[in-house]
Amino acid sequence: MQWSAPRNDGPSQAAGNTTGNTFIMSDIQYVAPRTLDEAIGAYAAAGSAARILAGGTDLLVQMRSGAVKPGLIVDIKKIGEMTAIEETKDGGFRVGAAVSGMALHDHPRFGKVWPGVLEAINLIGSKQVQGRASAGGNLCNASPAGDSVPALVAAGAVVTVAGPQGRRELKVEEVPAGPGRTNLKPGEIVVAFTLLPRPKGASDAYLRMIPRTEMDIAVVGCGVNLTMKGGVCTDARVGLGAVAPTVLLVEAAAKALIGSKLDEKALEAAARACSAACRPIDDKRGTIVYRTKVAGVLLRRATAIAAKRAQER
Amino acid sequence: MTTIGTSIARLDERKLLTGSGRFTADVWPANAAHAVFVRSPHAHARIVSIDIDAARRAPGVRAVLTAADAKADGLGELICPTSLPGHALVDPHRSILADNNVRFTGEAVACIVADTLAQAADAAELIVVDYQPLASVTDTGRAVGGAQIWPQAQDNISFEWSTGDLAATEQAFAEAARVVSLDIVNNRVAVAPIEMRCAWGRYDASEDRYLLHTPSQGVFFIRDCLAEQVFHVAPERIDVVTGDVGGAFGMKIVPYPEHACVLWAAKVTGRPVVWISERGESFLTDTHARDHVTRASLALDTKGRILALKHDVIANLGAYLSAVSPTVPTLGYAKMAPSVYAVPVMHVRVRGVFTNTAPTDAYRGAGKPEALFVLERLIDTAARDMGIDPAQLRRRNLIGAKMLPYKTAAGQTYDAGDFAAALNEALKLGDKLGFEKRRKRSAKAGRLRGLGCSFYIHGTGGDPDETSKVVAESSGVLAAYTSRQDSGQGHRTVYAQILADRFGIPIDRIDVRQGDSRTVLPGGGTGGSSSLIIGGVAMIAAGAAMIEKARELAARELEVAAPDLEYRDGAFVVKGTDVRLDLFELAARAPQPLEGLAKFAENNASYPYGCQIAEVEIDPETGAVEIVSYLSVDDLGQLIHPAMATAQLVGGIVQGLGQALYEHVRYDPDSGQLTTASFMDYTLPHADDVPSINVAFIGTATKNNSLGVKGAGECGTMGAAPTVINAVVDALAAHGVRHLDMPATPEKIWQALQKPPPAFDADKA
Ligand SMILES: Cc1cc2nc3c(=O)[nH]c(=O)nc-3n(C[C@H](O)[C@H](O)[C@H](O)COP(=O)(O)OP(=O)(O)OC[C@H]3O[C@@H](n4cnc5c(N)ncnc54)[C@H](O)[C@@H]3O)c2cc1C
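As you go down the protein sequences, you meet chains F and E in turn.
The number in this note's numbering is simply the position in the first sequence, starting from 1, with 2 added.
The number in this note's numbering is simply the position in the second sequence, starting from 1, with 96 added.
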């Protein structure tokens, strides 16, 4: 980290670089527009060499390692709509794509209504990372192990996307296309997540399993969103991360839960559905059997937490 | 008033905590050029050609250096200066830039020097190396007979070493009522200090002198190796300076190719040259540690008394012999192998093998943690096989306090200690009696609870060669010079405490000086947990020599006979009068510096030991482990600074539990690529992975040195890994788990719970 140490850098190295894989920041254009239209204009015009910058906790790491060499960086944090958290009158939420985990944590109501979504976003990295990392970045980075994504999938969040052709809406699970790839069209930016108002007796939870407690990659992440009425589960959605090339919506697991009292039989069926949905890679962070089994374990546990929260609401 | 035994504020804490330390990377000269290394992407390959033309012409480039240039400039190779008396050893030597072949991923092939780091890095990308990949072997267990790395090392064996009484050991095994054996893989770990390796060098052509500034554990070893082996000059022609050091742990004892290259490049370019490792480079090229594959057996009688111990070890040395490495898995390993137990006979056989991996070398404990791990695991396994409580089995075998001094089967003579007292205290503090209740409570919550207990004992060592100098300076400073290098432990504070105590000088007037071959007298540097013993004892002796010299001078100044003078609290007083002459005033009047020199002339061996207990809880559905409590009862002899001694133990324990649960340097077995080259993949324990560690001291005096102290630095590490694994296996034992290799990751634990390993066949041992 040569730019932080000596006081005698020559002018050409002041911008910083790394030795393993060189990038020189002065080769990169940076813009920080104040409106979405300007951002889309600049982003679309620059084509595939451009990158959106939200918190940068993925992007800068990838640039430093040489994996990504953008020609233009479009910082979206100066755009009001991208960093706002709005609560609608009927109790729904609209969360700007670049809102940091910490800002969401500090919101007085969001965590009460969507504790699972919040805990998933707040699991990303450390305190320092939380100050920057956004759910939009987590989604668009398209890692199968992104922590907020299964919870947002379970929550049934809808993503508003804006691009040169105007605005459109997508389900969260429709955004990732594969590891590192999204279904966004050229020039499209994720603007916000919309979470619908939820009935009494509804709540959610997210759990992940990693060999470590932080700053490592989930081997399984599981989000469960439930509505309970008189001890019976009337609605459910289950999102599963890190077990397939994209985060999965596991409808079979939800079906097993809906209509049940979350009894052992229903849990077992849902856990099995989760295990069955897994198509994990066999890498050093967890072999297939392990991931598959743990997916079911997390489903049971996340369901129990969500159900408990639902009762308390 | 003495501060010995008091945890005074560390003298360097303000500096270090406010970021005003002066580390090598803080102090390189403004006009320095930057070195970047092109490193091998292959684990093993022949270098067909290196095309450096484009790089040489790139903007700002001052030099592009390769092995051919090193030869042309007459530079020698790094040679392993340690040997194994009585045993042959293959040392292939190490070219400072890879010559003909590369033998591990990350090995330096070319050194580019440019005006800026960016230019050097850009130019590095222009170098085209044509490699012809060769078959590689990285795995310790496959090294013997694996892809041949050195023509002179048949079966990749550098040495085969043994110690102990083979015949007596075999006989004891043949007659034993019970034999317990284990196959143990001691995982390879990275040192991963906060401050990575770095170096800057300068060459003064008018004087033909080199200056190297680099973190180290002592400037002389690196200086002497570079001078003799690489530059072929008298050691005095190379000045080596070490500033503040951010963690060393053995890894920074040894010379590295980059040390030689910055000096060489400085000479070639006429500019100072600086190189600062990146984290990825650090993982690739710092010496790694441990990495053994061992079959070990313990022979016991019907009562569980140990009759004999034997080890058969394959130790991974990496692709080259790092400077201290041969001694680590051999002399270091066997030295404490019987630990605190009355082991009548033992035999240790070690084969040191080459692999296509970064060289291994000393790391906190240097061989001893590996050997102690084996014995503590064997004892737990024996206890389980025989239905004896593990603590009870330990107690039965402890060397009794009345048996001291006791000469072990490894030839060490333990002088002082009370091992049973440590065990009793640990069992009491750990509430061993209440454990079954806690286990049941955990079981109710769906958790498997386990308790692990281990002893450690260290025989402090290190290079006893030390000459200290103490100077009373006219400015009012008592300066003490030592070769023992601080790398964050806080040496300065304890040295000041003992000097202040002995010579009655206020602590804030004492200045401990280190890390400069121009001012410090040659000596062995830091290693073997003995800086306080060797440096401290020599310093006190040097101070006493200085006082004697000063007494003569003071007698002349005060016109009395020397014997009439009494030295007290920084002044000479004429006995029976109030006539006094301040030491520093005398220094101001003295025609020559008021200094004393003394060599270390006591015993550097001391035997600090301790008993550690951990309790873990395991989630059987995911395999996740939590260490719920950890305690260590330690005998470090006379404590100078209890808080710093405690910090050494805690830090050491964290390194040990890191190895036990998280850390593992992995090479891909097919490609030989390092797959753990970042903190994302090499998982050091985080603060929240570590329980609060309870350290309690019991003290027994040692007479081996006049300070009564025992070493502290490596102790925690030695006990921690077996303590944690014993606890994990205890938690899993009911499910048929007999042993787990480190790191005990959730997945490994989960797998073990799915299918218990087949019962071990003791007859085949
Ligand atoms: C130390 C550390 C620990 C981490 N731990 C975790 C963890 O535990 N769990 C986890 O899931 N992740 C983790 N991460 C990864 C990262 O922090 C998260 O993925 C984070 O949510 C990314 O958000 P960001 O705002 O920083 O994204 P950025 O880095 O700004 O962007 C990420 C990617 O998405 C694109 N992008 C961002 N916003 C938009 C948008 N609105 N529209 C279109 N494209 C966009 C960017 O161009 C880039 O390609 C960690 C990272 C670090 C450095």
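We put the beta carbon where it would ideally sit given N, CA and C, even for glycine.
Quick check: the Cα distance between residue i and residue j, rounded to an integer number of angstroms?
i        : j        : result
E:Thr819 : F:Pro247 : 40 Å
F:Met217 : E:Val567 : Caution is warranted here: a pLDDT of 49 is assigned to F:Met217, below 50, making its placement in the model unreliable, and the coordinate value is therefore given only provisionally. So the two alpha carbons sit approximately 50 Å from each other.
E:Arg652 : E:Pro659 : 12 Å
F:Ile26  : E:Ala219 : For F:Ile26, the pLDDT reaches just 47, beneath the cut-off of 50, and the residue's location in the model is therefore unreliable, although a value from the coordinates is still provided. Rounded to whole angstroms, F:Ile26 to E:Ala219 spans 13 Å at the Cα level.
E:Gly342 : E:Tyr352 : 17 Å
E:Arg152 : E:Ile372 : 21 Å
E:Ala454 : E:Leu780 : 19 Å
F:Val70  : F:Pro181 : 15 Å
E:Pro125 : E:Gln610 : 21 Å
E:Thr734 : E:Gly624 : Sequence inspection shows Gln at residue 734 of chain E; the Thr mentioned does not correspond to that position. About 18 Å.
E:Ile100 : E:Ile601 : 14 Å
F:Leu62  : F:Ala268 : 44 Å
E:Asp857 : E:Val439 : Any reading at E:Asp857 must be qualified, since the residue scores a pLDDT of 47, below 50, and its modelled position is unreliable; the value itself is stated next. Cα-Cα distance, rounded: 24 Å.
F:Lys295 : E:Asp251 : 42 Å
E:Thr742 : E:Gly619 : 27 Å
E:Gly260 : E:Val444 : 6 Å
E:Lys929 : E:Leu547 : The structure shown has nothing for residue 929 of chain E, since chain E only spans 97 to 861.
F:Pro110 : F:Ile307 : 21 Å
E:Ser103 : E:Glu655 : 42 Å
F:Glu270 : F:Leu300 : 12 Å
Taking residue i as the reference, give the member of the options with the closest Cα.
i        : options                                   : result
E:Thr622 : E:Gly586, E:Asp582, E:Ala210 and E:Arg609 : E:Asp582
F:Thr162 : F:Ala137, F:Gly57 and F:Thr305            : F:Ala137
E:Ala773 : F:Glu171, F:Leu154, F:Leu251 and F:Ser67  : F:Ser67
E:His384 : E:Val358, E:Ser421 and E:Ser373           : E:Ser421
E:Gln488 : E:Pro425, E:Lys498 and E:Ile475           : E:Ile475
E:Tyr778 : E:Ala286, E:Glu109, E:Leu112 and E:Phe133 : E:Ala286
E:Glu70  : E:Val350, E:Leu544 and E:Ala634           : Since the first residue of chain E shown is 97 and the last is 861, residue 70 of chain E is not available in this structure.
E:Thr120 : E:Ser277, E:Ala243 and E:Gly339           : E:Gly339
E:Gly632 : E:Ala344, E:Ala596 and E:Ile245           : E:Ala596
E:Val409 : E:Leu262, E:Ser258, E:Gln751 and E:Met642 : E:Ser258
F:Val222 : F:Ala179, F:Arg281, F:Thr59 and F:Ala51   : F:Arg281
E:Gly400 : E:His760, E:Ala273 and E:Ile723           : E:Ala273
E:Pro704 : E:Ala216, E:Gly815 and E:Ala129           : E:Gly815
F:Ala220 : F:Glu266, F:Tyr292 and F:Ala194           : F:Tyr292
E:Thr524 : E:Leu307, E:His407 and E:Asn790           : Contrary to the premise, residue 524 of chain E reads as Lys rather than Thr in this sequence. Closest option to E:Lys524, Cα to Cα, is E:Asn790.
What residue range does the beta strand (DSSP E) around residue i cover?
i        : result
E:Trp124 : Element bounds for E:Trp124: n/a, residue is neither H nor E.
F:Asp237 : Val234 to Gly243
E:Lys406 : Ile402 to Gly414
F:Arg302 : Segment Ile290 to Glu314 is the alpha helix (DSSP H) holding F:Arg302; no beta strand (DSSP E) there.
E:Gln228 : Val224 to Pro229
E:Val144 : Ala141 to Asp147
F:Leu264 : Element bounds for F:Leu264: n/a, residue is neither H nor E.
Alpha helix (DSSP H) containing residue i: first to last residue?
i        : result
E:Asp279 : Segment Arg274 to Val285 is the beta strand (DSSP E) holding E:Asp279; no alpha helix (DSSP H) there.
E:Asp261 : That residue, E:Asp261, is in no alpha helix (DSSP H); it is neither H nor E in DSSP.
E:Ile475 : Lys464 to Met482
E:Glu843 : Pro842 to Gln850
E:Gly815 : Cys811 to Leu828
F:Arg96  : First-last for F:Arg96: Phe95 to Gly98, but that is the beta strand (DSSP E), not the alpha helix (DSSP H).
E:Thr365 : Pro353 to Thr365
Does the distance from the CB of residue i to the CB of residue j come in under 9 Å?
i        : j        : result
F:Pro35  : F:Val101 : no
E:Leu693 : E:Leu682 : no
E:Trp296 : E:Val364 : no
E:Leu417 : E:Arg190 : yes
E:Leu466 : E:His388 : The amino acid occupying residue 466 of chain E in the given sequence is Glu; Leu does not appear at that position. For E:Glu466 and E:His388, yes; Cβs fall inside 9 Å.
F:Arg53  : F:Leu74  : yes
E:Ile175 : E:Ile223 : no
F:Ala56  : F:Pro72  : no
F:Val115 : F:Val151 : no
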